[in-house]
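This note's numbering numbers the first residue of the sequence shown as 86 and each following residue consecutively. Cβ coordinates follow ideal geometry from the N, Cα and C atoms, glycine included. Notes to accompany the following structure.
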Amino acid sequence: MDKFVIVFSTALNEDEAARIGKTVVEEGLAACCNIVPRIRSIYTWKGKTSDEAEALSIYKTRAALFGKLKARIKALHGYEVPEIIAIDIKDGLPDYLAWINEVTKG
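Have a look at this one:
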């Protein structure tokens, strides 16, 4: 069976997250994108500590597509250095994993 990953990416707001999510799902790079519309992120950027509201996108895809998904999110993203990280899915409902495999392309 293929290997699968969960990909996390933050965006400036819910609209940006939805635009990116819809694009990558329609292109078959991710099976789905869940959006948590308002999270609070505290981070250091260019020497300053920031405390900002963002949106969190959670993508499910095949591990083999992560490189393409990462590049596409970066190309569509408004941030200079967007968060795009992946975690391996160790196990899952076989029917759900088969669905991810079925609807993703590449």
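| task | State the beta-bridge partners of Val-121 as determined by DSSP. | result | Taking the sequence shown and counting its residues from 1, one reaches residue 121 at position 36. Paired residue(s): Leu-141.
| said: Can you give me the C-alpha to C-alpha distance between Thr-134 and Arg-125, rounded to a whole angstrom? | reply: Mapped onto the sequence shown, residue 134 falls at position 49. Mapped onto the sequence shown, residue 125 falls at position 40. Cα to Cα, Thr-134 sits roughly 13 Å from Arg-125.
| CB contact below 7 Å: Gly-113 versus chain B | As a matter of chain content, chain B is missing from the structure shown, which is built from one protein chain.
| said: If I follow the unbroken alpha helix (DSSP H) through Thr-108, where does it start and stop? | reply: Against the sequence shown, residue 108 aligns to sequence position 23. Taken as a continuous stretch (DSSP letters only), the alpha helix (DSSP H) holding Thr-108 covers 99 to 111.
| field | Neighbourhood of Lys-107 by C-beta, 7 Å cutoff - its chain only, sequence neighbours within 5 removed | value | Within the sequence shown, residue 107 is the residue found at index 22, counting from 1. Within the same chain, Lys-107 has no close Cβ partners at all.
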